[in-house]
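Chemist:
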Amino acid sequence: MKEKIARINRTLFELETGIIIFGAVCQIFVFLVEDKAGYSRGLWLGILIAALSAFHMWWSLEKALDLPERSAVKSMSAHTILRYVLIAAALAVTAISGIGNPLSAFLGIMGLKVSAYMHFITKKISTIIYGEEVLPPLIEEPAGEQDR
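Counting from 938, one number per residue, gives the positions in the sequence shown under my numbering.
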């Protein structure tokens, strides 16, 4: 399993790990509400959406890095809009169908944002699995290039 994890982008792994930790912490508080099943389904639906959104962000960024600048900006903009529309649609379906509580689904989706702020925690987990991160040396621009 460690080899499979090693093939996943390290930053994506840290983001996904933070989303799952956030979901687990929020699940503890679900036991305080009356409709435990509805809130729990909504929360984990939101966590799933957040995890898929994180993967989509990573995938679209990797794809855009191979494009020229103008095409990359258009591609990233299109993928961002697509992601937001799908998140809004998922929240609407959750609210209309009653699959789960839409507020707890929104809380789960916010796990994507919280995970970014939990970087100092997920970085420690990543270091345990991946080992210390070895960064390449910084590339210095020639003096003439900085004036442009």
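Every residue, glycine too, gets a C-beta built ideally from N, C-alpha and C.
Quick one: what's got a C-beta closer than 6 Å to His993's C-beta in the same chain, skipping five residues either side?
Modeler: Excluding residues within five positions, the ones whose Cβ falls inside 6 Å are Arg1020.
Chemist: Please classify Arg978 as buried or exposed, where buried requires at least 16 other C-beta atoms within 10 Å of its C-beta.
Modeler: Per the 10 Å Cβ criterion, buried.
Chemist: Tell me the DSSP secondary structure of Gly1091 in three-state form.
Modeler: The structure shown has nothing for residue 1091, since the chain only spans 938 to 1085.
Chemist: Between Phe1057, Thr1064, Gly1045, which has its C-alpha nearest Leu989's C-alpha?
Modeler: Closest option to Leu989, Cα to Cα, is Gly1045.
Chemist: Compute every distance between the C-beta of Met1055 and the non-hydrogen atoms of the ligand NAD, then say whether any falls below 7 Å.
Modeler: As far as ligands go, the structure on display features none, and thus does not contain the ligand NAD.
Chemist: What did DSSP end up calling Glu1006 once you bin it into helix, strand or coil?
Modeler: DSSP places Glu1006 in helix when its eight states are reduced to three.
Chemist: Met1055 by DSSP, collapsed to three states: which one?
Modeler: It is coil, neither helix nor strand.
Chemist: I'd like the list of long-range same chain contacts for Thr954, defined as Cβ closer than 6 Å, with 5 residues on each side in sequence excluded.
Modeler: These residues qualify, in order along the chain: Thr1059, Ile1062.
Chemist: From Ala1029, Phe1057, Tyr1067, Ile1065, pick the residue whose C-alpha is nearest to that of Gly983; which is it?
Modeler: The residue with the shortest Cα to Cα distance from Gly983 is Ala1029.
Chemist: Could you compute how far the alpha carbon of Asn1038 sits from the alpha carbon of Pro1005?
Modeler: For Asn1038 and Pro1005, the distance between alpha carbons rounds to 42 Å.
Chemist: Just to check my reading of the structure: Ile956 and Ala987 have Cβ atoms closer than 8 Å, yes? What is that Cβ distance to the nearest angstrom?
Modeler: Their Cβ separation, rounded to whole angstroms, is 5 Å, which keeps Ile956 and Ala987 in contact under 8 Å.
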